[in-house]
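To convert, take the position in the sequence shown, counting from 1, and add 75; that gives this note's numbering.
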Amino acid sequence: MSAHPLAAVRGRGARGRGTGVRPPGPPVRALPGLLRKLAVDRLGMMRDAAELSDAVRVSIGPKRMYVFNRPDYAKHVLADNASNYRKGIGLVESRKVLGDGLLTSEGELWRAQRRAVRPAFRPGRIAAQAGAVAEESAKLVDLLRGRAGGGPVDVLKEVTGLTLGVLGRALMNADLEEYGGIAHAFEAVQDQAMFDMVTQSLVPTWVPLATQRRFRRARRELVRIADELVADHDLRAAGGEDADDALSRMILAARGHRDPAVGRRLLRDELITLLLAGHETTASTLGWTLLSLARHPRVRDRVREEARAVLAGGRLPEAEDLHRLVYTAQVVQEAMRLYPPVWILPRVARRDDEVGGYAVPAGSDVLICPYTLHRHPDLWEAPERFDPERFDPERSAHRSRYAYIPFGAGPRFCVGSGLGMMEAVFVTALVTRDLDLTPVPGHEGVAEPMMSLRMRGGLPMTVRVAR
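(1) Give the range of the alpha helix (DSSP H) segment to which Leu-219 is assigned.
(2) Just to confirm my understanding: we take Arg-244, look at its own chain, exclude 5 residues before and 5 after, and list those with CB closer than 6 Å. What are they?
(3) For the region 150 to 169 and the region 120 to 130, state whether three or more C-beta atom pairs, one from each stretch, are separated by less than 8 Å.
(4) Among Arg-117, Gly-100, Ser-134 and Tyr-148, which one has its Cα closest to the Cα of Gly-431?
(5) Please state the DSSP three-state secondary structure of Val-73.
(6) Looking at Ala-191: is its Cβ nearer than 8 Å to the Cβ of Asn-248?
(7) From the DSSP output, in three-state form, read off Pro-602 for me.
(8) Beta-carbon within less than 8 Å of Pro-463's beta-carbon, same chain only, minus the 5 sequence neighbours each way: which residues are those?
(9) Please determine, among Gly-119, Gly-165 and Ala-541, the residue with the shortest C-alpha to C-alpha distance to Val-378.
(10) Whose C-beta lies closer than 7 Å to the C-beta of Arg-122 among residues of the same chain, with five residues either side of it excluded?
(11) Which residue from Arg-145, Arg-139 and Glu-252 puts its Cα closest to that of Met-441?
(12) Within 10 angstroms of the Cβ of Glu-345, are there 16 or more other Cβ atoms? Answer buried if so, exposed if not.
(13) Using CA coordinates, which residue listed in Gln-287, His-259, Pro-436 and Pro-98 is at the minimum distance from Phe-143?
(14) For the region 118 to 206, list the alpha helix (DSSP H) runs that are entirely contained and at least 4 residues long, ordered along the chain.
(15) CB Pro-445 to CB Pro-452, shorter than 8 Å?
(16) Hey, could you find the ends of the alpha helix (DSSP H) Asp-427 is sitting in?
(17) How is the beta strand (DSSP E) around Met-530 delimited, first residue to last?
(18) Using alpha carbons as the reference points, say which of Val-228, Val-172 and Gln-204 lies closest to Leu-512.
(19) Name the two residues that bound the continuous alpha helix (DSSP H) containing Gly-446.
(20) Hey, would you say Val-115 sits closer than 8 Å to Val-264, going by beta carbons?
(21) May I have the straight-line CA-CA distance separating Val-385 from Gly-225, to the nearest angstrom?
(22) Once DSSP output is grouped into helix, strand and coil, what is the label at Val-423?
(23) I'd like the ranges of any alpha helix (DSSP H) spanning at least 4 consecutive residues and lying wholly in the region 283 to 359.
(24) Using DSSP bridges, identify the partner residues of Glu-523.
(25) Could you work out which residue in Met-526, Arg-460, Val-423 and Glu-393 is closest to Met-497 when comparing CA atoms only?
(26) Tell me the DSSP secondary structure of Ala-245 in three-state form.
(27) Please determine, among Val-538, Gly-533 and Thr-537, the residue with the shortest C-alpha to C-alpha distance to Ala-258.
(28) Between Lys-112, Ser-134 and Asp-334, which lies nearest to Pro-436 when the distance is taken from Cα to Cα?
In structure tokens:
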């Protein structure tokens, strides 16, 4: 048996030759190894495919998976022919907890949900939240400063608290600190989603496995939190408070549904989805950004120099500063290139299609993997190197728009990307301006591909006040 599960594939396979050609695939004897990698090393499986071809076909049980790793292939699936594709492996399994929220819904329901919340994410409204983002960022800096000179701090845990704080203030007009256990509940949710993906949803949720029990408890907790958030909103509205945040818009849309019971269910699904998507990806980005800066002192020093020049006198950032913290933004972009928070974009073909000349039968799983696309050697010079200057406008001017897709692409481009970037840039600037963070010896920062690209084991770091 070959040591490499995709050893039968040869060449990068830049384009399908002719019309309707099948992409190359591994031999049948390699399938057990692929199934194991799907369970324990999903990034390794994606890397194996990307190293050997830009188009690979893999069949595991009833699943026919097509992995495409070129910008034009991504453009076709995610944008040009997006209507032919619905959400796929991983996200389908997530519906057990997310239901028909914005992340998992399809068709007219998704379009209606997107229309309802889009105004809450308009650039002007996000800019108006800069003060809240800056204040929450300052709270994080103060918390970390208070631990300076002491033992290790799990920085990832603390930035997760920050992103929940921003989410509550900017999109819900609520203090999410009052609702403990959100982050822990979503860990159980992601474990269940990955379990269902590997087992192809053949194990019923009621089976008394530890993962299943944790999931059921987490689901009950998230439903309780969602219902309390709606009740608190109603109390504020009854007191005369007029809000235009995302939560208010979701409640308004849900209560206009022709079936009140369905409206209540959809509202709960959307709110749980917002709680997950609104904090998890940004926390992941911040963790990888701060770890990358600790690993690259020269880059860190340049970020500090920029932050101290732009935010002189220890002041907090304002909306206009987002356009002045140019190098800091490039650092965040480079962290998302190497560690995209949404590491894979799974789809299922509704009808037969061709992607770059390769035949994709209806019902096939199609995988676009930003993690491997962002490391493609034909697109990125020294792709494994951390180099923020590759996002300098002069260097990136001729790069394909679809070579870099940390927020997805096409109609389902992340609606919260503007808020997420503001958070990441402000936090990176303030933390780096005032503090030195050093990883504890032996902590490497291992990527864990769940619903987002998490950091396994958190991010333990020691803190010093920067000179």
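By construction, the Cβ of each residue, glycine as well, lies at the ideal position given by its N, Cα and C atoms.
Put simply:
(1) By 1-based counting over the sequence shown, the position of residue 219 is 144. Here the alpha helix (DSSP H) through Leu-219 covers 205 to 220.
(2) Here the question's residue 244 lines up with position 169 in the sequence shown. Excluding residues within five positions, the ones whose Cβ falls inside 6 Å are Ala-207.
(3) no
(4) Locating residue 431 in the sequence shown gives position 356, where the first residue counts as 1. Minimum Cα distance to Gly-431 is reached at Tyr-148.
(5) A question about residue 73 goes unanswered here, because the residues of the chain that appear run from 76 up to 542.
(6) Here residue 191 refers to the residue found at position 116 when the sequence shown is read from its first residue. Here residue 248 refers to the residue found at position 173 when the sequence shown is read from its first residue. Their beta carbons are not under 8 Å apart, which means Ala-191 does not touch Asn-248 by this criterion.
(7) Residue 602 lies beyond the stretch modelled for the chain, which goes from 76 to 542, so this question has no answer here.
(8) Here the question's residue 463 lines up with position 388 in the sequence shown. Excluding sequence neighbours, Pro-463 sits near Val-374, Tyr-402, Gln-405, Val-406, Gln-408 and Glu-409.
(9) By 1-based counting over the sequence shown, the position of residue 378 is 303. Cα-wise, what sits closest to Val-378 is Ala-541.
(10) Walking along the sequence shown from the start, residue 122 turns up at place 47. Answer for Arg-122: Thr-447, listed in chain order.
(11) The sequence position of residue 441 within the sequence shown is 366, counting from 1. Note that residue 441 is Val in the sequence shown here, rather than Met. Cα-wise, what sits closest to Val-441 is Arg-139.
(12) Translated into the one-based positions of the sequence shown, residue 345 becomes position 270. That one is buried.
(13) For this step, residue 143 is matched to residue 68 along the sequence shown. Nearest C-alpha to Phe-143: Pro-98.
(14) 146 to 150, 166 to 173, 182 to 192 and 198 to 203
(15) Sequence index remark: in the sequence shown, residue 445 carries index 370 (1-based). Sequence index remark: in the sequence shown, residue 452 carries index 377 (1-based). Not in contact: Pro-445 and Pro-452 (Cβ atoms no closer than 8 Å).
(16) Counted from its first residue, the sequence shown places residue 427 at position 352. Run containing Asp-427: none; DSSP gives neither H nor E here.
(17) Within the sequence shown, residue 530 is the residue found at index 455, counting from 1. That run of the beta strand (DSSP E) goes 528 to 531.
(18) Mapped onto the sequence shown, residue 512 falls at position 437. Closest option to Leu-512, Cα to Cα, is Val-228.
(19) By one-based count along the sequence shown, residue 446 stands at place 371. Correcting the residue identity first, residue 446 is Tyr in this sequence and not Gly. Its alpha helix (DSSP H) spans residues 445 to 448.
(20) Residue numbering aside, residue 115 sits at position 40 when the sequence shown is read from its first letter. Residue numbering aside, residue 264 sits at position 189 when the sequence shown is read from its first letter. Going by C-beta atoms, Val-115 is not nearer than 8 Å to Val-264.
(21) Counted from its first residue, the sequence shown places residue 385 at position 310. Counted from its first residue, the sequence shown places residue 225 at position 150. If you take the alpha carbons of Val-385 and Gly-225, they lie about 30 Å apart.
(22) The residue you call residue 423 lines up with position 348 of the sequence shown. Strand at Val-423.
(23) 285 to 313, 321 to 330 and 335 to 352
(24) Position 448 of the sequence shown holds residue 523. Glu-523 is bridged to Arg-529.
(25) Taking the first residue of the sequence shown as position 1, residue 497 is located at position 422. When only C-alpha atoms are compared, the closest one is Glu-393.
(26) As a first step, residue 245 must be located in the sequence shown, where it is residue number 170. Three-state DSSP puts Ala-245 in a helix.
(27) Numbered from its first residue, the sequence shown carries residue 258 at position 183. Considering only alpha carbons, the answer is Gly-533.
(28) For the purposes of this step, residue 436 is taken as residue 361 along the sequence shown, with counting starting at 1. The shortest C-alpha separation from Pro-436 is found at Ser-134.
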